[in-house]
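Take a look at the structure set out below.
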Amino acid sequence: MRKTGVLMPVSSLPSKTGAGQFGKEAYKFLKILKENGIGIWQILPLNPAGYGNSPYQPYSSFAGDDLYISLEELANNGLLKEMPPPYREKEATVDYAKVRNFREPYLREAYHTFVKQGKTKTKEYQEFLSQGWVFEYGVFRALKQKNGERCWNEWEKHDRDWPQERTPLQEETKEEASYQMFLQYLFSCQWEKLKKTANEIGIEIMGDVPFYVGVDSVDVWANRENFLIGADHKPTFVAGVPPDYFSVTGQRWGNPIYNWEYLKETNYAFWVERIGHSSLMFDIVRIDHFRAFDTFWKIPASCKTAMEGAWIEAPGYEVLDCLQEQISNLNLVAEDLGDLRQEVLDLKNHYHLKGMKVLQFCIDTKKKYARDTFQEEENLIIYSGTHDNDTLLEWYRNLTTASKRKLRRFLKKEGCLQGSIKDKLLQYVLQSKAAYAIIPMWDFLGLGKEGHMNTPGTVGSPNWEWRMPEFQRAEQELQRYRMQIKKRAYEKTPSN
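In the numbering used here, the protein residues as written are -8 to 487.
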């Protein structure tokens, strides 16, 4: 069967705490997906968002963002004295700083209650804490707080070098680390419950894993040997992409480049642990910027833009071999967008990974007749757009009058006849022979610029802040496409 999915960040779900969480609204969203034949819920990374509130610059590849912990669930479980009051429920965007400040006292209260109830001594809790990453993350966040939230390479020396020396922690730091580990336990419990519910009703969760990690992360702080880090504890080279569709100066992401020679000596243990953890959290793991397994853009850290750099070959086959050999039930998909050399596609196809087709990039309206330039395959995912694109209507409205006319003629020729231009475009996506068709919620809702999630190459507001205020319209729009979605589910793919 062919599957249809919805791209919807957890942070964008309605809630009474200013940002989406693993509470009743998430379960209602699953119910709506189920009723309308949706088989995949694709989300953005759930890791603790760092610089610019970006989920692609997290503080950890293993930890979860406490932003998603349901305060309502904590109250229902007796960890809060009473239900928290609503936080300006109808705000259209997520104000991360204000939302975190609103939630913090309740999370602290839950921790103190948990300790008083003696639950820290339970077998389940102790088993969770025994995972190595949990303690490291707790200490990292505690020391980060102690050092004024600065990047770890700007900390006091004994804090900066703690992973190598493991010096005894001060009582205040130990207490804060314990609190941070408790938050990870809550996140894990609530996420596992939500994912189990999704799987029980036939919905798979597609998670997203950035290829790189942020420099201000426990990943780099505790494992510096895995990255090209200089004597000043700062990256010597950083990641990005050269000038492209999104930016004339390229994108300088600032993530440290991997030390591939060292990683090879460890049999790529960091990658195995990282993807292994993600494969336990998600049913499908999407690798963002997959092309870097083949070649990556290496920018000298001294350069202010991404215009200077070089393409360097990466040991993609060796890494992916290790992942497949050491991780059971691994289900990877590849973000293979952009101007790629053939070797990237060969690498993807060697492992039979699904790639991506984005409608906005494939419809060429520059010639006399509009055409789809992508030679469609069945082993891929078709998107109307992603979190990095204009919304579908935003893209359409930016076309010239002539291009719009050509596009409408093209859609008519393809049998997309009914409804608005949005309806016709989504019909084109849903009638694709691709194994998965995934549509962002903002495209189902028919939003324009107000639904734009992220603009690559820019940092901070309004990126990552879009929020759906209520469910009613989403339910109505998904119901309108229910028959097309369910028809698609009965169509066979080569693997059936």
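Ideal Cβ placement from N, Cα and C applies to all residues, glycine included.
These numbers come from a predicted model, not from an experiment.
Helix, strand or coil at residue i [DSSP, three-state]
i, result
"E183", "helix"
"A101", "helix"
"N487", "For N487, the predicted structure reports a pLDDT of 45, less than 50, and the residue's modelled location is therefore unreliable. A value from the coordinates is still provided. If DSSP states are grouped into helix, strand and coil, N487 belongs with coil."
"Q48", "coil"
"A213", "coil"
"K72", "coil"
"K358", "coil"
"V239", "coil"
"I412", "helix"
"F502", "Outside the displayed span of the chain (-8 to 487) sits residue 502, for which this structure offers no information."
"P39", "coil"
"R479", "helix"
"V349", "strand"
"T296", "coil"
"K424", "coil"
"A54", "coil"
"A17", "helix"
"W457", "strand"
"T392", "helix"
"T84", "strand"
"D381", "coil"
Beta-carbon spacing of residue i, residue j below 7 Å
i, j, result
"F13", "Q181", "yes"
"Q171", "R132", "yes"
"T8", "Y78", "yes"
"N488", "N250", "Given that the chain is displayed from residue -8 to residue 487, the structure contains no residue 488 and the question cannot be resolved."
"M347", "I372", "yes"
"G47", "P291", "Looking at the sequence shown, residue 47 is not Gly but Tyr. Contact: no."
"E468", "L436", "yes"
"N445", "D379", "yes"
"L35", "D199", "yes"
"S6", "D210", "no"
"G451", "G41", "no"
Counterpart residues of residue i in DSSP-defined beta bridges
i, result
"N132", "Inspection of the sequence shows that residue 132 is occupied by Arg rather than by Asn. Per DSSP, none; premise fails for R132."
"Q317", "DSSP lists no partner for Q317."
"F435", "F435 pairs with nothing; no bridge assigned."
"I248", "I248 is not bridged to any residue."
"W153", "Answer by DSSP bridge pairing: none, since W153 is not bridged."
"G109", "Answer is none; G109 lacks a bridge partner."
"I290", "V229"
"Q33", "L(-2), M197"
"E304", "T286"
"A325", "I278"
"I430", "V(-3)"
"L371", "G346"
"F312", "It is Asp, not Phe, that sits at residue 312 in the sequence shown. Partner(s): none; D312 has no beta bridge."
"D337", "Paired residues: none, contrary to the question."
Residue i versus residue j - alpha carbon distance
i, j, result
"N487", "V349", "Caution applies to N487, whose pLDDT of 45 falls short of 50 and renders its modelled position unreliable; the model cannot decide the point."
"K339", "K345", "8 Å"
"W124", "V263", "14 Å"
"K286", "P76", "In the sequence under discussion, the amino acid at residue 286 is Thr, which differs from the Lys named in the question. Near 50 Å, if we compare the C-alpha coordinates of P76 and T286."
"W212", "A480", "46 Å"
"E408", "A425", "Before going further, note that residue 408 is Leu rather than Glu in the sequence given. When rounded, the distance between both Cα atoms is 21 Å."
"L491", "Y97", "Residue 491 falls outside the range modelled here, since the chain spans only -8 to 487, and no answer is possible."
"E385", "G376", "11 Å"
"D150", "N144", "9 Å"
"D330", "T111", "51 Å"
"V130", "Q175", "13 Å"
"G28", "K89", "36 Å"
"T356", "S238", "22 Å"
"F119", "K225", "32 Å"
"E495", "T391", "Residue 495 is absent from the structure shown; the chain starts at -8 and stops at 487."
"S208", "K440", "32 Å"
"P234", "W288", "11 Å"
Residue of the options minimising C-alpha distance to residue i
i, options, result
"D381", "H224, P431, G406", "P431"
"T(-5)", "P5, E26, L398", "E26"
"K255", "I278, I275, G307", "G307"
"R157", "A301, E127, E100, D56", "E127"
"S488", "K413, E456, P247", "The chain is shown only over -8 to 487; residue 488 falls outside these bounds and no answer can be derived."
"Y472", "D434, T113, G439, D207", "D434"
"R396", "L37, L219, K358", "K358"
"E299", "Y360, A230, P247", "A230"
"A189", "L21, N68, K289", "L21"
"G448", "E405, V324, A297", "A297"
"M74", "E482, D56, F401, S61", "S61"
"C353", "E115, A40, L328, Q315", "L328"
"T104", "T84, V85, L71, Y116", "L71"
"Y87", "L134, W146, A10", "A10"
"N246", "F261, E252, D235, T227", "T227"
"E195", "P234, Q161, L24, S52", "L24"
"A361", "L323, Q333, R400, S452", "R400"
"S293", "N67, G221, N454, Q315", "G221"
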